[in-house]
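Enquirer:
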Amino acid sequence: MNPTRVFTIGSNVFREVVRDRILYIIALYALLLGGAVMLIPQIAGGAEDKIILDFGLAAMNVLGLIVAVFVGTGLVNKEIEKRTVLVLIAKPISHSEFITGKHLGLAAVLGALVTAMTVIFLALLQLNQLAYPLGSILLAVVYLFLQLSLITAIALVLGVFTSTVLATLLCFGIYLMGNLSQDLLEFGRLSKNPAIEQLVRNLYLVLPDLSRLDLKNQAVYGFSALPDAMTLITNAIYGVVYTVLMLAIAIIVFSRREF
0 MNPTRVFTIG
10 SNVFREVVRD
20 RILYIIALYA
30 LLLGGAVMLI
40 PQIAGGAEDK
50 IILDFGLAAM
60 NVLGLIVAVF
70 VGTGLVNKEI
80 EKRTVLVLIA
90 KPISHSEFIT
100 GKHLGLAAVL
110 GALVTAMTVI
120 FLALLQLNQL
130 AYPLGSILLA
140 VVYLFLQLSL
150 ITAIALVLGV
160 FTSTVLATLL
170 CFGIYLMGNL
180 SQDLLEFGRL
190 SKNPAIEQLV
200 RNLYLVLPDL
210 SRLDLKNQAV
220 YGFSALPDAM
230 TLITNAIYGV
240 VYTVLMLAIA
250 IIVFSRREF
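By numbering that gives the first Met the number 0, the letter at position 138 of the sequence shown is numbered 137, and the numbering carries on one by one without gaps.
What follows is the structure, given as structure tokens:
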């Protein structure tokens, strides 16, 4: 794998996504958060600080997810549908370089997006003199980026072998089930049905456990509410390994496609 070619592909993806005005989502986030800061104190009844923190992190998550899914599922599929993939494959670019570059390019966009939204979030909190645990919020943002990178890899896998619309629906479904995987496992235990319990256990083993990378609810209450350091490290490694695994699957599927 040639790092220069990977960087070139990633740079092209970054410029292309930015040209599509996807970063206007930053302005949307600022408007949503500004409205929340003005409206929530009037209806919160004294708990506005925590509600605004929850809303800011949740909005960051949702907007990042929309970009990861809608753009990620079309990164490769768009090249296939327009037949421009034939031009790329004819060049001295390997399948692994192509997929890795696409992922890194969108990951860079998501990194810029999350960073900009975090700056806006903290600035509005500071301007409105709202108390917030800076360290735990920044940690939650880092894990949000890991989660979005993982979702991007899953979107690439789905986009390689199916249509953009179906890949988008499947990706949102995997996201929902991945965040509810612990609850699904508990549901299987409570059902007392061996078939259901086995099915749920198999789903838990295959689907990504995205709840491991979701710290937004705990971060609102500071470091004391977060998991211990070893759990955090293990969860971060889990996210990175799962992302690499998804990229490997995307490369294998893409290399076996006939164009």
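Quick reminder that beta carbons are idealized off the backbone N, C-alpha and C, glycines included.
In whole angstroms, give me the CA-to-CA distance for residue 72 and residue 244.
Expert: Mapped onto the sequence shown, residue 72 falls at position 73. Mapped onto the sequence shown, residue 244 falls at position 245. Distance between the alpha carbons of residue 72 and residue 244: 17 Å.
Enquirer: Just to confirm, are residue 11 and residue 93 a CB contact at a threshold of 9 Å?
Expert: Translated into the one-based positions of the sequence shown, residue 11 becomes position 12. Translated into the one-based positions of the sequence shown, residue 93 becomes position 94. No, these two residues do not count as a Cβ contact at 9 Å.
Enquirer: Quick check: the stretch 54 to 63 against the stretch 212 to 230, are there 3 or more CB pairs under 8 Å?
Expert: With a cut-off of 8 Å, the stretch 212 to 230 and the stretch 54 to 63 count as touching, because enough Cβ pairs lie within range.
Enquirer: What are the boundary residues of the alpha helix (DSSP H) that residue 146 is part of?
Expert: Along the sequence shown, read from residue 1 onward, the residue named residue 146 stands at position 147. Residues 133 to 160.
Enquirer: Hey, could you find the ends of the alpha helix (DSSP H) residue 29 is sitting in?
Expert: Along the sequence shown, one-based indexing puts residue 29 at 30. It spans 24 to 42 - the alpha helix (DSSP H) in which residue 29 sits, taken as one unbroken run.
Enquirer: Which term fits residue 207, buried or exposed, when burial requires 16 or more other beta carbons within 10 angstroms of its beta carbon?
Expert: For this step, residue 207 is matched to residue 208 along the sequence shown. By the 10 Å Cβ count, residue 207 comes out buried.
Enquirer: Express the C-alpha separation of residue 200 and residue 194 in angstroms, rounding to a whole number.
Expert: For this step, residue 194 is matched to residue 195 along the sequence shown. For this step, residue 200 is matched to residue 201 along the sequence shown. Taking the straight line joining both Cα atoms gives about 10 Å.
Enquirer: Considering only residues of the same chain and omitting the five flanking positions on each side of residue 148, which have a CB-CB separation below 6 Å?
Expert: In the sequence shown, counting from the first residue as 1, residue 148 sits at position 149. Taken in chain order, the residues that qualify are 106 and 242.
Enquirer: Measuring alpha carbon to alpha carbon, tell me which residue in 97, 175, 142 and 180 is nearest residue 230.
Expert: Here residue 230 corresponds to residue number 231 of the sequence shown, with the count starting at 1. Of the candidates 97, 175, 142 and 180, the one whose C-alpha sits nearest the C-alpha of residue 230 is 142.
Enquirer: What number of angstroms, rounded off, separates the C-alpha of residue 116 from the C-alpha of residue 27?
Expert: Here residue 116 is taken as the residue at index 117 of the sequence shown, counted from 1. Here residue 27 is taken as the residue at index 28 of the sequence shown, counted from 1. Answer to the nearest angstrom: the Cα atoms are 10 Å apart.
Enquirer: Which class does residue 193 belong to by DSSP, given the choice of helix, strand or coil?
Expert: Taking the sequence shown and counting its residues from 1, the one referred to as residue 193 is at position 194. Here residue 193 sits in helix by DSSP.
Enquirer: Can you tell me whether residue 128 is buried or exposed, with buried defined as 16 or more other CB within 10 angstroms of its CB?
Expert: What you label residue 128 is simply residue 129 of the sequence shown in a count that begins at 1. Exposed: under 16 other Cβ atoms inside 10 Å.
Enquirer: May I ask which residues mark the beginning and end of the alpha helix (DSSP H) holding residue 251?
Expert: One-based indexing of the sequence shown puts residue 251 at position 252. Residues 228 to 254.
Enquirer: Would you mind sorting residue 238 into buried or exposed? The rule is 16 or more other CB atoms within 10 Å of its CB.
Expert: Here residue 238 refers to the residue found at position 239 of the sequence shown. Per the 10 Å Cβ criterion, buried.
Enquirer: Just confirm the distance between the C-beta atoms of residue 170 and residue 68, as a whole number of angstroms; I'd bet it's less than 8 Å.
Expert: As a working mapping, residue 170 is identified with position 171 in the sequence shown. As a working mapping, residue 68 is identified with position 69 in the sequence shown. Correct: roughly 5 Å between the Cβ atoms.
Enquirer: What is the DSSP secondary structure of residue 10, counted as helix, strand or coil?
Expert: Taking the sequence shown and counting its residues from 1, the one referred to as residue 10 is at position 11. Reduced to three states, the DSSP call for residue 10 is helix.
Enquirer: Less than 8 Å between the CB atoms is what I'm expecting for residue 163 and residue 76, so what's the real figure, rounded?
Expert: Start at 1 with the first residue of the sequence shown, and residue 163 comes out as number 164. Start at 1 with the first residue of the sequence shown, and residue 76 comes out as number 77. Sure, about 5 Å apart at Cβ, within 8 Å.
Enquirer: With H, G and I counted as helix, E and B as strand and the rest as coil, what does DSSP make of residue 46?
Expert: Mapped onto the sequence shown, residue 46 falls at position 47. Coil at residue 46, not helix or strand.
Enquirer: Only counting the same chain, and skipping five residues up and downstream in sequence, which positions put a Cβ closer than 6 Å to that of residue 54?
Expert: Working through the sequence shown from its first residue, we reach residue 54 at position 55. Around residue 54: 35.
Enquirer: Take the Cβ of residue 197 as the centre, count every other Cβ of all protein chains shown within 10 Å, and call the residue buried at 16 or more, exposed below.
Expert: Reading the sequence shown from its first residue, position 198 is the one you call residue 197. Result: exposed.
Enquirer: Measuring alpha carbon to alpha carbon, tell me which of 247, 224 and 166 ends up nearest residue 70.
Expert: For this step, residue 70 is matched to residue 71 along the sequence shown. The residue with the shortest Cα to Cα distance from residue 70 is 166.
Enquirer: Classify residue 207 as helix, strand or coil using the three-state DSSP reduction.
Expert: The residue given as residue 207 occupies position 208 in the sequence shown. The answer is coil: DSSP assigns residue 207 none of H, G, I, E or B.
Enquirer: Which first and last residues belong to the alpha helix (DSSP H) in which residue 128 is found?
Expert: Position 129 of the sequence shown holds residue 128. Per DSSP, residue 128 belongs to no alpha helix (DSSP H) and is neither H nor E.
Enquirer: Nearest to residue 113 by CA position, among 224, 209, 251 and 145, is which residue?
Expert: On the sequence shown, residue 113 is found 114 positions in, with the first residue counted as 1. Looking at the Cα atoms, 145 is the closest of the given residues.
Enquirer: Let me know the secondary structure DSSP gives residue 59 once reduced to three states.
Expert: Within the sequence shown, numbered from 1, the residue matching residue 59 stands at position 60. Here residue 59 sits in helix by DSSP.
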